[in-house]
Amino acid sequence: MHAITIPEPGGPEALVWAEVPDPVPGDGEVLVEVAASAVNRADLLQRQGFYDPPPGSSPYPGLECSGRIVATGDGVGGWSVGDEVCALLAGGGYAEKVVVPVGQLLPVPGGLDTVTAAALPEVACTVWSNVFMVAHLRPGETLLVHGGSSGIGTMAIQLGKAVGATVAVTAGTPEKLERCRELGADVLVDYRTEDFVQRVREATDGAGADVILDIMGAKYLDRNVDALAVNGRLVIIGMQGGVKGELNIGKLLNKRGAVAATSLRGRPLDEKAAIVAAVREHVWPLVETGRVRPVVDRVLPMRDAAEAHRVVEASGHVGKILLTP
């Protein structure tokens, strides 16, 4: 088969479409012929040499895919050759075929084509596990999403609205904020010209955000605590703004607040399977009824993965960029 390889870490040009050995499914795994994969910022870090795959995982980038099962290993129940699926991966999505643990498979939701389904697994699992399983967002609460026009952001807006929350977002251009509004965002903050703490407090009569989903890390830590409501929950899932910040514990204590930091890729298989099962139960019905939809910026040939990485690095997209073999 062919896959995107990284012979040496570096810029987008480090991504090389090359012939590699076909993967073979083991016990409890299936082999998926890939229809599409999607680009995540973690892929950029892997390309640069900063985010190695977990031990035993595929060395190729790609944290999600869609396609068709073409072979099964021993001990696989409930899935058959020919099933159309999408999947959460620890790596290997930028390829013509990939091996997937059975617990990380999802059916292609009704009403979606197989290629578009590749935009769902990583963002759905990330948002559901953090906003709902960790932070327990409830109807009537306020959710602040940083990077509202990203793949994760566009999913968080829709799921927040689906459960009856008020959703505030930050983004960097009027055009991106307008896309967030179209998805249901109630409070739009241009982070280049506005103070998100002030805007969120104004929108909540001074209360603040009950849940904050943060991709920035250190740069936003202090202001995120300022923006929290009493009993608020801050969940950090990215480090685009640095890895070391100062936390004012006094402010956090006064708010009886909580700070959690999570990642998805390196979790044990049983934890990933539990998240995938929860997404299938809670998110898939919303997708199938059209209340939640994948947001796809563009679809590119997989051999043009370098161009996709350049667009993501420049934040020149809304939602997900898909790659097809």
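Its first residue numbered 1053, the sequence shown is counted upward by one per residue in the working numbering. Quick reminder that beta carbons are idealized off the backbone N, C-alpha and C, glycines included.
- Within the segment 1260 to 1285, the complete beta strand (DSSP E) runs of at least 3 residues fall at 1261 to 1266.
- Where Pro1353 is concerned, the enclosing beta strand (DSSP E) starts and stops at Val1348 to Pro1353.
- It is roughly 42 Å from the alpha-carbon of Ala1055 to the alpha-carbon of Asp1274.
- Beta-bridge partners of Ala1223 (DSSP): Asp1242.
- Straight-line spacing of the CA atoms in Pro1106 and Gly1318 works out to 6 Å.
- Per the Cβ contact rule, the segment 1153 to 1165 is in contact with the segment 1323 to 1333 (3 or more Cβ pairs under 8 Å).
- Put simply, the backbone Cα of His1361 is about 26 Å away from that of Val1287.
- Relative to the Cα of Val1335, the nearest Cα in the group Arg1190, Phe1248, Val1084 and Cys1177 belongs to Cys1177.
- Nearest to Leu1316 by alpha-carbon distance, out of Val1122, Ala1142 and Asp1165, is Ala1142.
- The closest CA to that of Val1282, considering only Arg1244, Leu1305 and Ala1147, is found on Leu1305.
- Between Lys1372 and Pro1346, the beta carbon gap of about 7 Å places them in contact (Cβ cut-off 8 Å).
- In this structure, the beta-carbon distance from Thr1166 to Glu1136 falls below 8 Å.
- For Trp1336, the enclosing alpha helix (DSSP H) stretches over residues Trp1336 to Glu1340.
- For Pro1064 and Ala1357, the gap between their C-alpha atoms comes out near 8 Å.
- Excluding five sequence positions before and after Val1186, the CB atoms of its chain that fall closer than 7 Å to its own CB belong to Val1287, Ala1312 and Thr1314, given in chain order.
- By the C-beta density criterion, Pro1173 is buried, having at least 16 other C-beta atoms within 10 angstroms.
- For Val1363, the uninterrupted alpha helix (DSSP H) run begins and ends at Ala1357 to Glu1365, by DSSP.
- The Cβ neighbour count for Asn1300, taken over all protein chains shown within 10 Å, is under 16; the residue is labelled exposed.
- In this structure the segment 1264 to 1273 lies against the segment 1197 to 1205, because at least three pairs of beta carbons, one per stretch, are closer than 8 Å.
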